[in-house]
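Engineer:
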Amino acid sequence: MNRSFFARNPSVLMFLATLGLATLVITAASEGLGLGLISTSMVKTLGKTLCLALIAVAMDLVWGYAGILSLGHFAFFGLGGYMIGMWLMYERTSQIVTQNLANAPIPPTAEEISDAIGSQIFGVVGSAEFPLIWSFADSLVIQLLLVVAVPGILALVFGWLAFRSRVAGVYLSILTQAMTLALALYLFQNDSGLRGNNGLSGLQNIPHLDHVPQSVLSVWFLWASALALALGYVFAAWIVSGKFGSVIRGIRDNESRVRFLGYSVERYKLFIFTVTAMIAGIAGALYYPQAGIINPAELAPVASIYLAVWVAIGGRGRLYGAVIGACFVSLISTWFTGGQAPDINLGFYTFAWVDWWTILLGLSFVLVTLFAPKGIGGLFDLIATRNKETQE
Numbered sequence: 003m004n005r006s007f008f009a010r011n012p013s014v015l016m017f018l019a020t021l022g023l024a025t026l027v028i029t030a031a032s033e034g035l036g037l038g039l040i041s042t043s044m045v046k047t048l049g050k051t052l053c054l055a056l057i058a059v060a061m062d063l064v065w066g067y068a069g070i071l072s073l074g075h076f077a078f079f080g081l082g083g084y085m086i087g088m089w090l091m092y093e094r095t096s097q098i099v100t101q102n103l104a105n106a107p108i109p110p111t112a113e114e115i116s117d118a119i120g121s122q123i124f125g126v127v128g129s130a131e132f133p134l135i136w137s138f139a140d141s142l143v144i145q146l147l148l149v150v151a152v153p154g155i156l157a158l159v160f161g162w163l164a165f166r167s168r169v170a171g172v173y174l175s176i177l178t179q180a181m182t183l184a185l186a187l188y189l190f191q192n193d194s195g196l197r198g199n200n201g202l203s204g205l206q207n208i209p210h211l212d213h214v215p216q217s218v219l220s221v222w223f224l225w226a227s228a229l230a231l232a233l234g235y236v237f238a239a240w241i242v243s244g245k246f247g248s249v250i251r252g253i254r255d256n257e258s259r260v261r262f263l264g265y266s267v268e269r270y271k272l273f274i275f276t277v278t279a280m281i282a283g284i285a286g287a288l289y290y291p292q293a294g295i296i297n298p299a300e301l302a303p304v305a306s307i308y309l310a311v312w313v314a315i316g317g318r319g320r321l322y323g324a325v326i327g328a329c330f331v332s333l334i335s336t337w338f339t340g341g342q343a344p345d346i347n348l349g350f351y352t353f354a355w356v357d358w359w360t361i362l363l364g365l366s367f368v369l370v371t372l373f374a375p376k377g378i379g380g381l382f383d384l385i386a387t388r389n390k391e392t393q394e
């Protein structure tokens, strides 16, 4: 008798229930729609954390299950943010320019309005003309499609070139890191079309929703982030629970044997690499409107390294472990680097968490790799095993 997907994977239902309950509690305690116990900035932090959990799930698929240590997935995350950021910035600027020119003695032409919008957006880099890549910035539907299309196409082309050449292991990791660095360096240039080092700003101001306070918008984005994480988690769990999941785990453990059995290893790798890049793009498109700004520094290779650290600490090869790792490290990092953790005065030296946090994070990654390779998620496996032994 064939059981349903959720019956075969009760942990997925547990995850969805936990995520739903947490979202309801945060909503009820928020300033916008609840009791005001949680500040708007904290709600935004929690919403962004859910987006980071989604890209961690993507990273776990490509690394934990397929064995591809990609150090470039945060580039796909950033590209998703840039794609939606272009529409947000264009539409918001168009709204402001149109209102300002509405009272002009002579009604402005469409060309004059376009020039004014271009001056507002690109004046910071000494330009007033729209680059070619902004051709569809006025269309929300097209930009939403580009959120998944641009990261997906880049991953498809890069993956096809790398996997057909059978580049693997540390060499592939270096190539993905080089891709990320090259993209970041290109975006730093003023003639990249994306405002260079200035990036895209004011993304938290959603066009045509001026009447909605940020406290309410933050809750809406929390809901959207939770929904995206839920769908992404179910999709990832569905992939790894079937035959496809068995094949990619086989590729991770013994690629040569899987190829000997007749499977097209390169196609499986290319598929998982491309799909996870698209998931990363969706996560970025939800993250940066909550952050309010995106610039090329967000695509720095170190960000992708942090992503690998989150998955390792949570426990790679376990989807819930990736979520735990991303949420745990992200929230702890916010607490330490936000000045909320009190400094420790040792008399001869004052231990400042802001200065030492990244070092402690790197040290924890080393310790987890050496002594707890299953990460935090391994604790749940240990508890489940002990309970099973007790019942027997």
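This note's numbering runs 2 ahead of the 1-based position in the sequence shown.
Backbone N, C-alpha and C fix where the C-beta goes; we use that ideal spot for every residue, glycine too.
1) Going by DSSP, name the residue or residues bridged to residue 346.
2) Quick check on the burial criterion: 16 or more other C-beta atoms within 10 angstroms. Buried or exposed for residue 210?
3) As an exercise, report each continuous alpha helix (DSSP H) stretch of at least 4 residues that is fully enclosed by the segment 31–77, in chain order.
4) Measuring only the C-alpha atoms, how far is residue 268 from residue 275?
5) Could you tell me the distance, in whole angstroms, from the CA atom of residue 17 to the CA atom of residue 111?
6) Using C-beta distances below 8 Å, list every residue in its chain close to residue 100, excluding the 5 sequence neighbours before and after it, in chain order.
7) Out of 231, 234, 170, 137, state which residue places its alpha-carbon closest to the alpha-carbon of residue 195.
8) In or out: residue 5 buried (at least 16 other Cβ within 10 Å) or exposed?
9) Going by the beta-carbon positions, is the gap between residue 291 and residue 216 smaller than 8 Å?
10) Can you pull the DSSP bridge partners for residue 203?
11) Using a Cβ-Cβ cut-off of 6 Å (strictly less than) and excluding sequence neighbours within five positions of residue 281, which residues of its own chain qualify?
12) For residue 380, collect the residues of the same chain with a Cβ closer than 6 Å to its Cβ; drop the 5 residues on either side in sequence, then sort them by chain order.
13) Measure the C-alpha to C-alpha separation of residue 169 and residue 271 and round it to an integer number of angstroms.
14) Along the chain, where does the alpha helix (DSSP H) that runs through residue 6 open and close?
15) Using CA atoms only, rank isn't needed, just tell me which of 84, 166, 174, 162 is closest to residue 139.
16) What would DSSP say about residue 113, mapped onto helix, strand or coil?
17) What would DSSP say about residue 179, mapped onto helix, strand or coil?
18) Determine the closest residue to residue 226 out of 10, 45, 40, 144, with distance taken between C-alpha atoms.
19) Just confirm the distance between the C-beta atoms of residue 295 and residue 203, as a whole number of angstroms; I'd bet it's less than 8 Å.
20) Based on Cα-Cα distance, which residue from 48, 364, 358 lies nearest to residue 27?
21) What's the gap between the Cα of residue 153 and the Cα of residue 333?
22) Among 63, 198, 166, which one has its Cα closest to the Cα of residue 325?
23) Three-state secondary structure (DSSP) at residue 288?
24) Measure how close the beta-carbons of residue 406 and residue 78 come, nearest whole angstrom, since I'm counting them as under 8 Å.
25) Helix, strand or coil for residue 242, going by three-state DSSP, please let me know.
26) Could you compute how far the alpha carbon of residue 96 sits from the alpha carbon of residue 51?
27) How big is the Cα-Cα spacing for residue 31 and residue 273?
28) Going straight from the alpha carbon of residue 212 to that of residue 167, what length do you get?
29) From the DSSP output, in three-state form, read off residue 266 for me.
30) Quick check on the DSSP output: the alpha helix (DSSP H) that includes residue 330 runs from which residue to which?
31) Taking buried to mean at least 16 other C-beta atoms within 10 Å of its own C-beta, is residue 3 buried or exposed?
32) Can you list, in chain order, the residues of its chain with a C-beta nearer than 6 Å to that of residue 66? Leave out the 5 residues immediately preceding and following it.
33) What would DSSP say about residue 257, mapped onto helix, strand or coil?
34) To the nearest angstrom, how far is the alpha carbon of residue 25 from that of residue 39?
35) Rounded to whole angstroms, what's the CA-CA distance from residue 254 to residue 236? Just pull it up for me.
36) What separation, rounded to the nearest whole angstrom, lies between the Cα atoms of residue 143 and residue 287?
Structural biologist: According to the data block:
1) Bridge partners of residue 346: 353.
2) exposed
3) 42–61
4) When rounded, the distance between both Cα atoms is 10 Å.
5) 54 Å
6) 115
7) Comparing Cα-Cα distances from residue 195 to each of 231, 234, 170, 137, the minimum goes to 137.
8) exposed
9) No, these two residues do not count as a Cβ contact at 8 Å.
10) 295
11) 60, 234
12) Result list for residue 380: 317, in chain order.
13) 11 Å
14) Unbroken run through residue 6: none, as it is neither H nor E.
15) Checking every option, the nearest Cα to that of residue 139 belongs to 84.
16) helix
17) helix
18) Comparing Cα-Cα distances from residue 226 to each of 10, 45, 40, 144, the minimum goes to 45.
19) 5 Å
20) 48
21) Residue 153 and residue 333: Cα-Cα distance of roughly 27 Å.
22) Of the candidates 63, 198, 166, the one whose C-alpha sits nearest the C-alpha of residue 325 is 63.
23) helix
24) What is shown of the chain runs 3 to 394, which leaves residue 406 out entirely.
25) helix
26) 31 Å
27) The alpha-carbon of residue 31 is positioned some 41 Å away from that of residue 273.
28) 51 Å
29) Three-state result, residue 266: coil.
30) 321–339
31) Low per-residue confidence applies at residue 3: pLDDT is 44, beneath 50, and the placement is therefore not dependable enough to give any value.
32) Non-local beta-carbon contacts of residue 66 in its own chain, meaning distances under 6 Å to residues more than five positions away in sequence, involve 318, 319 in chain order.
33) helix
34) So the alpha carbons of these two residues sit roughly 14 Å apart.
35) 22 Å
36) When rounded, the distance between both Cα atoms is 13 Å.
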